[in-house]
Amino acid sequence: MATHTLMRSFGALSLSTTRSIAAKSVAPAAQLRTISTTLFSRPRASVAPSSLAKTAVQAVTQQTRGMKVHSSVKKRCEHCKIVRRKVNKRSNGYLYVICKSNPRHKQRQS
Numbered sequence: 002m003a004t005h006t007l008m009r010s011f012g013a014l015s016l017s018t019t020r021s022i023a024a025k026s027v028a029p030a031a032q033l034r035t036i037s038t039t040l041f042s043r044p045r046a047s048v049a050p051s052s053l054a055k056t057a058v059q060a061v062t063q064q065t066r067g068m069k070v071h072s073s074v075k076k077r078c079e080h081c082k083i084v085r086r087k088v089n090k091r092s093n094g095y096l097y098v099i100c101k102s103n104p105r106h107k108q109r110q111s
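Residue 44 in this note's numbering sits at position 43 of the sequence shown, and the numbers go up by one each step.
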C-alpha cells in the first residue's frame, strides 16, 4: 500500500506532456512504473560504525606537548617559572621551565 502511494506521488511529479505521450503510445496494461531499489535499501552497517569509530578516536586522542631541550633555558613570558628537579647525591638535577599560560614554553636543560 505504501509503495502504491509512493509511486503515485512520483507519477504526479512527472511532466504532463510526457504522460500524455506515454498514454497514447503504450497500452494501459503496460503502464507499470518501476522504482529503483536504492530508495528502499537500507544503508550498509559497515559504513556507519567505521566513521563513528574514527571520530571517537580523534576526539579521545589529544596531542600533548613535549619539552624543548636546551643547554640554557630562558623565561619566555612572565608566567614562566624556573624549577630544579631530580636532584640527588650524584647530580644537581635538571633545570625546568614550566609555564601555565602557554604549554609551548616548557623547557628542560640538557
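Where a beta carbon is used, it is the ideal one built from N, C-alpha and C, also for glycine.
>> By the DSSP assignment, the beta strand (DSSP E) with V84 in it spans what residues?
In response: C81 to R86
> In three-state terms, what does DSSP make of R77?
Replying inline: coil
> In the DSSP assignment, what residue or residues form a beta bridge with K69?
Replying inline: Q108
> Applying the criterion that 16 or more other CB atoms from any shown protein chain within 10 Å of the CB defines a buried residue, is V98 buried or exposed?
Replying inline: buried
> According to DSSP, what are the bridge partners of L96?
Replying inline: R85
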